[in-house]
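Enquirer: First to last, the protein sequences are chains R and X.
Following our numbering, the numbering of the first sequence begins with 1 at its first residue and continues without gaps.
Following our numbering, the numbering of the second sequence begins with 1001 at its first residue and continues without gaps.
The structure is given below, and queries will be raised subsequently.
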Amino acid sequence: MRAVAESSSRRAGAPHPSMFLRMLVRATVLRRGRAASALLAMVVAAAVATTMLNLYVDMQTKLRKEFRNYGANVVVVAKEGQDLPGDALARVQSVLGGRGLAVPFAYVVARTAAGHPVVVAGTDLEQVRKLDGWWSVTAWPSASNDALIGNRAVALASPEGKPFELSFQGRNVELNQAGVLRTGASEDSRVYISLQDFESWTGVLPSTIEIAAAGSPEEINGIVEKLTRTLPSAQVQPVRQVMEGEARVLGKTRDTMLAASALIILTAALCVLSTLMGWVFDRRRDFAIMKALGASERLISGFFAAEAAVLGAAGALLGFAVGVGVAAWIGRVNFHAPVVPRLNVLPIILVGSVAVALISAALPMWLLQRVQPAVILRGE
Amino acid sequence: MFVRLVYESFRRQKRRKFLAGIAITLGVAVATAMIAVATDIGDKISRELRSYGANLLVTPQDDTLDLQIGGVDLKPPSDGAYLNEADLPKIRGTFWHHNIVGFAPMLPVNVEVQAEGRAADLTLLGTYFAKPLTFGKENFVTGVKITHPWWKVQGAWPDDNSQDVVLGENLASKLDRKAGDQIEIAGTAHRISGILSTGGAEDGQIVAPLSLAQQILGTPGAVRRLYVSAMTKPEDALARRDPKTMNPELFDRWYCSPYVQSIAYQLQEVIPHSHAEQIRQVAQNEGTVLSRIKGLMLLVTLAALIASALAVSAAMATAIFERRSEVGLMKALGGGGAAIASLFLAEAALLALLGGVAGFAAGALLARVIGRSIFNSSITIDPVLFPFILAMAVVVTFAGSALAIRRAVKLDPVYALRGEA
């Protein structure tokens, strides 16, 4: 009663054009509690939707980064009987444009002092460390002529960790054992040394470049095509094992996230629907009074719709801010890197929130329109 | 009287009760489905991660060094030791045999191939494609189709008992052969059943059934390497410890956890004179990817639980707020705050139980649908979850109702009855 009296006394002196706006503002101010709970529902729903959409968009980039730990996804190998051009690595790097790693490898079969054959590889050890994070190494070589010896080659090359000698085509080299390498694959049978040491000893140039290119499968296929054009003497092959595994796991995770997002957003929308419907239904007396005072149905519908739209938009903006924060937190906790806020999610959230708010307002309106104002005012 | 009030309330306000019930059912269904998906996602993704191929490699213990460059074996075939093919089915007898998705033996041999009128030295790789094996009473199929899912064949895979071969795609284009042609290997003609594409060294090789490679080598039962694909638990501090330094109790725990290390240990137990080692590229990264995806789903499930709790609370608050004139009437007739509150809470509890049961069933169904459509295998829901979900539904419904009930009870009945709250 207090509320009605207050608003009617002020209404008398109100200038007509701003009446609509005034009604909107007063409706919110006077029913603070209900409006606040409706807004809260809106904010929570928008926040949850923003979080899920942000995560969904960003998850792929984040997970792709994790998948790059599997190592090279493209391999460049010199064609049979041909060498890679001297500037092959530079050319690869210019194609990559900083979005990935490229590591050269050169191989020969050398002999130990006892005459056993062993594969020796020359490479950029600093880069390998980044490319093949799964290598378990006791100590990385730092000085010149330091060698990294595969777990299985240790017994043959340098069982007591002493300096050892290898020969290739009559040229000998003395190497120090810096560390032991374990991978569980063919690397375990090899000796790794730096490319400079390798080239000055054998004179053999790199025959393989392993590349870990960042990006989506389409981007990587683009890189493979470009590399094939820039290096005609080489064979450029995507590593199917890595590419297909990644595509599969990523695809399944994305689908699960999509299903989860759909469910969560649906629940949030239902929460808004039930709160807002209650809010509008609760104001059936206002509706009846307006109608009894001669307001057209269009005006009343417009009034309620505008209210819902304002609520939806305000909820969306606030919710977006909260959701971006939550997504960033999840990113930090799970991926140790914040999820970048996506501004292109905002229009989706805005339109979605307003649409849900309008639907929530329209449903009770439609029910109320069929009822005579007198019935509502009599409290039935 | 109390029971009758609750009963009549349900009978006369069917629409309202129905709406609140639907909100609870939906909330519980979403929560159940998400919990089911989150608890099962580790297993499902673990299975998908097997598409990276084998994570364990078994080699003969006293093998000489590999001389492999770019996947091409430079070692003379007479060199080195072999595993015995007859030992392989025993893998199904290890403690973690359910976690072993498949295995594939490999035997590379050097062969002379007549092509374009001249002889060429090539590598022929003998393996299982999809070989049916028996261990005890158990029949199973294993081979590269399972352990190397990225291998693709144009044409048909050879039968494991046939003399057919597949050619790597680079080799096929070099020799100008296609599926259905003949190729002369080591003096005998073999049918090419298909063209193989792997993106690896096999693209330049001939791949044949294991028995054919053994026949060419002249050593029946010989296997050079064995690739094993197993579902493992991400490595932790216990996994990395040396089993020799453990006390018996710790050793049992280590042995009975599906760590890649303990599976390797068990493989060495069943295959004599063997050395099993994790392929770190696959095994190590699996753990990180798996824990990231699991973490993500856990946080998303948390978001789902919060969203559904809020939805249920909001629906209950709205439902009770609409009935404040009823509360006013009860108070005017002399009802105490506690009596009224307990009536409403009893109604809420009943709704929560009904909605909880329906929601749990719907959620289990939803989880099944998600599992079927995304992972092609159903997500089973643990019955232990049922009381937990039900309790959660009741708590959330109570929490949602409590505030609204408090406000309704506090309100002066005069205002409530005049409809001016």
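For each residue, glycine too, the CB sits at the ideal point set by N, CA and C.
Keep in mind the model is a prediction, meaning the values are calculated, not measured.
(1) If we cut at 8 Å on Cβ distances, does Ser1308 (chain X) have a partner in chain R?
(2) Are the beta-carbon atoms of Ala1404 (chain X) and Ile1306 (chain X) separated by less than 8 Å?
(3) Given that Trp954 (chain X) touches chain R, what residues does it touch there, using C-beta distances under 7 Å?
(4) Report the three-state DSSP secondary structure of Glu1322 (chain X) (helix, strand or coil).
(5) Checking contacts by CB at 8 Å: is Val1030 (chain X) closer than that to chain R?
(6) Thinking just about the alpha-carbon of each residue, which of R:Leu270, R:Arg283, R:Asp286 and R:Phe304 is nearest to the one in Leu1310 (chain X)?
(7) Touch check for the stretch 1226 to 1241 of chain X and the stretch 1249 to 1261 of chain X: three-plus C-beta pairs under 8 Å?
(8) For Leu1049 (chain X), which residues from the same chain have a beta carbon less than 7 Å from its beta carbon, with the 5 sequence-adjacent residues on both sides left out?
(9) Considering Val120 (chain R), what are the terminal residues of the beta strand (DSSP E) in which it resides?
(10) When you compare the CB positions of Leu1167 (chain X) and Ile1195 (chain X), do they come within less than 8 Å of one another, or not?
(11) Mind checking the stretch 1259 to 1284 of chain X against chain R and listing, in chain order, the residues whose C-beta falls within less than 7 Å of any C-beta there?
(12) If I follow the unbroken beta strand (DSSP E) through Tyr192 (chain R), where does it start and stop?
(13) Quick one: list the residues of chain R neighbouring Thr1318 (chain X), beta-carbon separation under 7 Å, in chain order.
(14) Using Cβ-Cβ distances below 8 Å, what residues of the stretch 1021 to 1046 of chain X are close to chain R?
(15) Three-state secondary structure (DSSP) at Val340 (chain R)?
(16) Just the C-alpha distance for Gly352 (chain R) and Val322 (chain R), rounded to the nearest angstrom, thanks.
(17) Going by DSSP, what residue range makes up the alpha helix (DSSP H) through Gly1042 (chain X)?
(18) Taking Cβ positions, are Ile1185 (chain X) and Thr256 (chain R) nearer each other than 8 Å?
(19) Is there a C-beta anywhere in chain R that falls below 8 Å from the one on Gln1068 (chain X)?
(20) Rounded to the nearest angstrom, what separates Glu165 (chain R) and Ala1264 (chain X) at their Cα positions?
(21) For my contact list, Leu250 (chain R) and Leu131 (chain R) are in at a C-beta cut-off of 8 Å; report their separation, rounded to the angstrom.
(22) Is DSSP giving Gly1194 (chain X) helix, strand or coil here?
(23) So, Gly1356 (chain X) versus Ile1389 (chain X), is the Cβ gap smaller than 8 Å?
(24) Which same chain residues end up closer than 7 Å to Tyr1128 (chain X) when comparing Cβ atoms and leaving out the 5 residues on each side of it in sequence?
(25) Pull up the CB-CB distance for Arg182 (chain R) and Ser144 (chain R), whole angstroms please, since I reckon it's below 8 Å.
(26) Mind checking the stretch 103 to 115 of chain R against chain X and listing, in chain order, the residues whose C-beta falls within less than 7 Å of any C-beta there?
(27) Of all the CB atoms in chain X, is at least one closer than 8 Å to the CB of Ile264 (chain R)?
(28) Which residues in chain A sit within 7 Å of Trp134 (chain R), going by Cβ to Cβ distance?
(29) Just checking: is the beta-carbon of Ile348 (chain R) within a distance shorter than 8 Å of some beta-carbon in chain X?
(30) Note down, in chain order, each residue of its chain lying with its Cβ closer than 6 Å to the Cβ of Ala1189 (chain X), except the 5 sequence neighbours on either side.
(31) Could you check whether the Cβ of Ser353 (chain R) sits closer than 8 Å to any Cβ belonging to chain X?
(32) Measuring straight from C-alpha to C-alpha, what distance separates Leu1385 (chain X) and Val1030 (chain X)?
(33) Under three-state DSSP, which class holds Ala308 (chain R)?
(34) Which residues bound the beta strand (DSSP E) around Lys1131 (chain X)?
(35) Taking the beta strand (DSSP E) that Gln235 (chain R) belongs to, which residues open and close that run?
(36) For the candidate residues R:Phe281, R:Asp83, R:Val180 and R:Ile300, whose alpha-carbon lies nearest to that of Pro159 (chain R)?
Expert: Quick look at the numbers:
(1) yes
(2) no
(3) Nothing about residue 954 (chain X) can be reported from this structure: the residues present for chain X run from 1001 to 1421 only.
(4) coil
(5) yes
(6) R:Leu270
(7) Yes, since at least three Cβ pairs between the stretch 1226 to 1241 of chain X and the stretch 1249 to 1261 of chain X fall closer than 8 Å, the two stretches touch.
(8) Glu1286, Val1289 and Leu1290
(9) Start and end: Pro117 to Thr123.
(10) yes
(11) Glu1277, Gln1278, Ile1279, Arg1280, Gln1281 and Gln1284
(12) Arg190 to Ser194
(13) Ser274, Thr275 and Gly278
(14) Ala1023, Leu1026, Gly1027, Val1030, Ala1033, Met1034, Val1037, Ile1041, Lys1044 and Ile1045
(15) In the structure shown, Val340 (chain R) sits in coil (DSSP, three-state: anything other than H, G, I, E or B).
(16) Annotation: Gly352 (chain R) to Val322 (chain R) spans about 16 Å, alpha carbon to alpha carbon.
(17) Lys1014 to Leu1049
(18) No, the pair does not count as a contact, with Cβ atoms beyond the cut-off.
(19) yes
(20) Their backbone Cα atoms lie some 34 Å apart in a straight line.
(21) In fact, because the Cβ distance is near 20 Å, the residues do not count as touching under 8 Å.
(22) strand
(23) yes
(24) Same-chain partners within the cutoff: Ala1104, Pro1105, Thr1142, Gly1143, Val1144, Asp1160 and Leu1210.
(25) Rounded, the Cβ-Cβ distance is 24 Å, inconsistent with contact.
(26) Tyr107 and Val109
(27) yes
(28) Protein chains R and X are contained in the structure displayed, whereas chain A is not.
(29) no
(30) The answer, listed in chain order, is Gln1182.
(31) no
(32) 14 Å
(33) helix
(34) Lys1131 to Phe1135
(35) Ala234 to Pro238
(36) R:Val180
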